[in-house]
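Okay, so here's the structure we're looking at.
Residue numbers (the working numbering): 29 to 514.
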C-alpha cells in the first residue's frame with residue numbers, strides 16, 4: 029500500500045529506496061528516512077519515507093508559494109500559451125524543433141533535379157549539335173532497357189554509332205551499383221504521400237506516356253520493405269524523441285509538472301467503413317502540435333493468407349522465415365483498433381519518453397478513454413478527458429439531420445424539411461452558432477446556456493413575433509434586430 033500526500037513526483041532514488049526497504053524481509057519490520065527534494069521551479073521540499081514489508085508511506089512537505097509567485101507563474105504560463113497559439117502550426121513546429129524550411133527538398137525556389145521532356149523535341153535540340161568524333165550534326169538519343177521508371181539513354185550518331193550512354197536517373201547511393209534509382213524511390217514516396225499504391229504509379233505514368241510498365245509490384249514491395257519502411261520508421265523514432273524533449277521544455281516554461289502533459293488522441297483507418305484491415309492511433313501534444321507517438325495495427329497479412337496452413341509439412345519452415353516480416357500484429361476487428369492502439373501508446377509513454385498523457389482531448393467516442401482508465405495505465409494517477417468542441421458541434425448537426433430524415437413525409441404539413449423549416453442551410457447555421465456559443469464561453473456555464481438558447485430563439489423569431497431577449501445587445505451584436513435597435 030502507498031499513501032502520497034501530494035501529486036509531486038518523487039525522485040526515482042527515493043521511491044526505489046522505499047520499495048527496497050519494503051521488499052527486504054531480512055531487515056527490521058520498518059524503516060524511516062528523510063530526504064530533500066528540489067523541484068523544477070527551485071523550491072525545496074522535505075520528504076519523509078517510511079517503509080515496511082507490508083506498507084509504504086510517502087509524505088511530502090512542500091512550502092506554499094506566495095500570491096506574488098502564483099501571479100508571476102500564471103502570467104508566464106499565459107504568455108507562453110499566447111505565443112504558441114499566435115503562430116501557425118507549421119511555423120510553430122519548425123521553431124520548436126529548431127528546423128528551417130531552407131532544405132532543398134522543401135524550398136520552392138530550388139532548382140528541380142528532374143523534369144519531363146518529349147523525346148522528339150530533345151532530338152530536335154540535339155540535331156543542331158556536332159558530334160565530338162566526326163563533327164557531323166546527326167546526334168540523337170535512343171532508349172535501351174528500362175528498370176522501373178529509369179531508362180538507359182544512348183547518345184547515337186548516324187556515322188559513329190553509339191557515342192555514350194547514361195541512365196535517366198542517378199542511384200540513391202552512387203558508390204553502390206545495387207541501390208535503387210532515385211526516380212523509382214521518389215515515385216514510391218509520391219504515391220504513398222497521397223495514400224495510393226503501386227498500381228497508381230503504373231496508371232499515372234502510363235497515361236503520361238512515360239512508361240507503360242511503370243514499377244513492377246515485386247519491385248515496389250522490395251523497395252518498400254528494404255528502403256522505404258526502415259527509413260520512415262527511423263525518421264519517425266528520431267522526430268518523436270526530439271519532440272518529447274521539446275515538449276518537456278515547454279511544460280517547464282508553463283510551470284507545471286513536466287512529466288504530466290495534455291495531448292490529443294485519435295484513430296484512423298486505411299479505408300472507410302468498419303471492415304478496414306489497417307488502423308492507426310496517434311498522440312499529438314495539445315499546445316505545440318508535435319507528434320509524440322503512433323501505433324499501426326493490422327489484422328491481415330497477405331503472406332499468411334496464401335502461404336502454407338497448419339498441418340502442411342512445409343508450414344514450420346515457412347512460418348520461421350515469414351514471422352519476422354509478417355504484417356499482422358493484432359486479431360481485433362477494425363472497431364477495436366483505436367482502443368488497442370490507445371492502450372499501446374499510453375502504456376509505453378513513460379518508458380519511451382518519461383511522460384504521462386494525463387489530460388486527453390478526443391472525439392465523442394469514449395471507448396478508448398474508458399479502456400485506459402479501466403486498465404489504470406498510470407496507476408493511481410487518473411486520466412482526464414476533454415471534449416473537442418468541433419466534435420460536439422458536429423453531433424448537433426448530425427442530430428438535426430437525423431431528425432429531418434426521421435420525419436420525412438409526403439404531406440408537407442408533417443414534414444420538417446422544406447422552405448421555412450429545417451433546410452440544410454439552416455442546419456449548418458444552427459450548428460455553427462452552437463459551436464460559437466460553446467467556444468466563446470469556456471468558463472461560464474450560464475453564459476454558454478444563454479448563448480445557445482439565444483440562437484434557437486433568434487432563428488425562430490419573426491417580425492410579428494420577435495424573440496431576441498437573449499441575443500447580445502448593442503451595435504456590434506451579431507443579432508441584426510438588436511444591432512439595429514442600438
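Backbone N, C-alpha and C fix where the C-beta goes; we use that ideal spot for every residue, glycine too.
Small disclaimer: the values here were computed from a predicted structure and weren't measured.
Cβ neighbours of residue i in the same chain (closer than 7 Å, five flanking residues each side left out)
i, result
"residue 283", "69, 101, 104 and 105"
"residue 226", "243, 245 and 248"
"residue 133", "Confidence at residue 133 is low in this model, with a pLDDT of 49, below 50, so its placement is unreliable and no value can be given for it."
"residue 332", "354 and 356"
"residue 154", "167, 168 and 169"
Inter-residue Cα distance where the pair is residue i and residue j
i, j, result
"residue 230", "residue 171", "19 Å"
"residue 20", "residue 498", "What the structure shows of the chain is the stretch from 29 to 514, and residue 20 is not part of that stretch, so it cannot be assessed."
"residue 454", "residue 428", "10 Å"
"residue 265", "residue 378", "15 Å"
"residue 274", "residue 110", "17 Å"
"residue 342", "residue 387", "50 Å"
"residue 348", "residue 115", "51 Å"
"residue 141", "residue 195", "14 Å"
"residue 99", "residue 398", "36 Å"
"residue 121", "residue 424", "33 Å"
"residue 201", "residue 414", "48 Å"
"residue 288", "residue 411", "10 Å"
"residue 45", "residue 345", "Caution applies to residue 45, whose pLDDT of 47 falls short of 50 and renders its modelled position unreliable; the value that the coordinates give is listed next. Each residue's Cα considered, the two are about 49 Å apart."
"residue 64", "residue 361", "Low confidence applies here, because residue 64 scores a pLDDT of 46, under 50, leaving its location unreliable; read the following figure in that light. One C-alpha to the other measures close to 50 Å."
"residue 467", "residue 93", "32 Å"
"residue 235", "residue 119", "37 Å"
"residue 508", "residue 494", "12 Å"
"residue 228", "residue 276", "41 Å"
"residue 460", "residue 473", "18 Å"
"residue 383", "residue 278", "13 Å"
"residue 62", "residue 475", "Note that residue 62 scores a pLDDT of 46, beneath 50, so its modelled location is shaky and nothing firm can be said."
"residue 160", "residue 334", "57 Å"
"residue 385", "residue 447", "49 Å"
"residue 143", "residue 403", "55 Å"
"residue 339", "residue 250", "29 Å"
"residue 481", "residue 408", "40 Å"
"residue 318", "residue 470", "24 Å"
Own chain partners of residue i with C-beta closer than 6 Å, once the 5 adjacent residues on each side are dropped
i, result
"residue 323", "309, 369, 372 and 373"
"residue 395", "367"
"residue 108", "281 and 282"
"residue 124", "274 and 316"
"residue 14", "Outside the displayed span of the chain (29 to 514) sits residue 14, for which this structure offers no information."
"residue 405", "374 and 375"
"residue 505", "511"
Three-way DSSP call (helix, strand, coil) for residue i in this model
i, result
"residue 289", "strand"
"residue 462", "helix"
"residue 294", "strand"
"residue 385", "strand"
"residue 189", "strand"
"residue 229", "helix"
"residue 481", "helix"
"residue 168", "strand"
"residue 146", "coil"
"residue 213", "helix"
"residue 277", "helix"
"residue 218", "helix"
"residue 179", "strand"
"residue 195", "strand"
"residue 471", "coil"
"residue 151", "helix"
Distance between beta carbons of residue j and residue i, contact taken as under 8 Å
i, j, result
"residue 375", "residue 295", "In fact, because the Cβ distance is near 16 Å, the residues do not count as touching under 8 Å."
"residue 326", "residue 356", "6 Å"
"residue 320", "residue 271", "6 Å"
"residue 177", "residue 211", "5 Å"
"residue 150", "residue 157", "Their Cβ separation, rounded to whole angstroms, is 11 Å, which puts residue 150 and residue 157 out of contact at 8 Å."
"residue 417", "residue 463", "6 Å"
"residue 496", "residue 489", "6 Å"
"residue 443", "residue 451", "Residue 443 to residue 451, Cβ: 11 Å. No contact."
"residue 312", "residue 291", "6 Å"
Cβ neighbours of residue i in the same chain (closer than 8 Å, five flanking residues each side left out)
i, result
"residue 256", "213, 216, 217 and 220"
"residue 263", "none"
"residue 457", "487"
"residue 513", "501"
"residue 174", "180, 239 and 241"
"residue 199", "205, 207, 208, 209 and 210"
"residue 401", "410 and 411"
"residue 421", "459, 460, 462, 463 and 466"
Proximity test, Cβ basis, 7 Å: residue i and chain C
i, result
"residue 147", "The structure shown contains no chain C, having only a single protein chain."
Check: residue i C-beta below 6 Å from any heavy atom of the ligand FMN
i, result
"residue 405", "This structure simply doesn't include the ligand FMN, nor any ligand for that matter."
Enumerate, from N- to C-terminal direction, the unbroken beta strand (DSSP E) stretches of 3 or more residues contained entirely within the segment 355-425. 384-390 and 412-415
Every unbroken beta strand (DSSP E) within the segment 291-334, with a cutoff of 3 residues, ordered by chain: Listed in chain order, they are 306-313 and 319-326.
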